[in-house]
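Reviewing the structure listed below.
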Amino acid sequence: MDSDAVFTDMEFEIPLGRYKDYNLVAHGWPNMVYGDEEDKSWTGLNTGVFLIRNCQWSMDLMEEWASMGPQTLNFEKWGKTLTSVFKDKPFPLPDDQSALIYLLFTNKEKWGKKTYIENEYYLNSYRLAMVKMFDNLTESYTEMEKDHKILRTRHAEKVKGLEVWEREKYLKGRVRRPFVTHFTGCQPCNGEHNPQYKGDTVLRNSVLCIRI
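Just so you know, the sequence shown maps onto residues 21 to 232 in our numbering.
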């Protein structure tokens, strides 16, 4: 999990049973990873947050993935390869995201079959997208609590399991908070945020996402 990512739905329970036959889980869209050339995108999945099993398969994947990194002699060569494959890739050097996607679709039998691309909930959400959804999210939770009195209770202590279970029942079919929100480009630890994003905008967005 990247240092600029934050848990924003503390009640959500990861559906681990869904992943029993997989070793890697990442948020994304299968058609943008395994689809035709025109559909492939370097944003087909997000590597800012992912689940990975502690096993030999994962160790092998990490080793092959790292072989495309800046510590290797083939770093620039891989950059040319990835740029030629992903037409929307905005910079020439390799990155962990496009590198992983490349591994998945070029060796689906070995890597792809054990990778689950999740998009039924926000395992990793982009902060700007969440800001645009703020009104809908707020309305969804407000209406739910208005319709079901049991959900309007507030406690200073940790929320009890029964209350979480009740909320999950009523959240089905509604817009829900993202499990994790990724503040891409903010770099909160070193303060060197991406100049593409204005500092005050980043702060306002961050406050809104956390309020959600």
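Glycine included, C-beta positions come from ideal geometry on N, C-alpha and C.
Note on glycine 99: 16 or more other CB atoms within 10 angstroms of its CB, so buried under the neighbour-count rule. Here the stretch 100 to 109 makes no contact with the stretch 73 to 84; the two share fewer than three CB pairs at distances below 8 Å. Looking from the CA of lysine 97, the closest CA among Lys107, Leu113, Lys109, Gln91 belongs to Leu113. Rounded to whole angstroms, tyrosine 54 and lysine 166 show a C-alpha spacing of 43 Å. The bridge partners DSSP lists for leucine 65 are Gly48. Here glycine 64 is near methionine 52, since their CB atoms are less than 8 Å apart. Relative to isoleucine 72, the option among Met88, Asn144, Leu44, Gln91 whose CA is nearest is Leu44. In this structure, tyrosine 142 keeps its C-beta atom at 8 Å or more from the C-beta atom of tyrosine 39.
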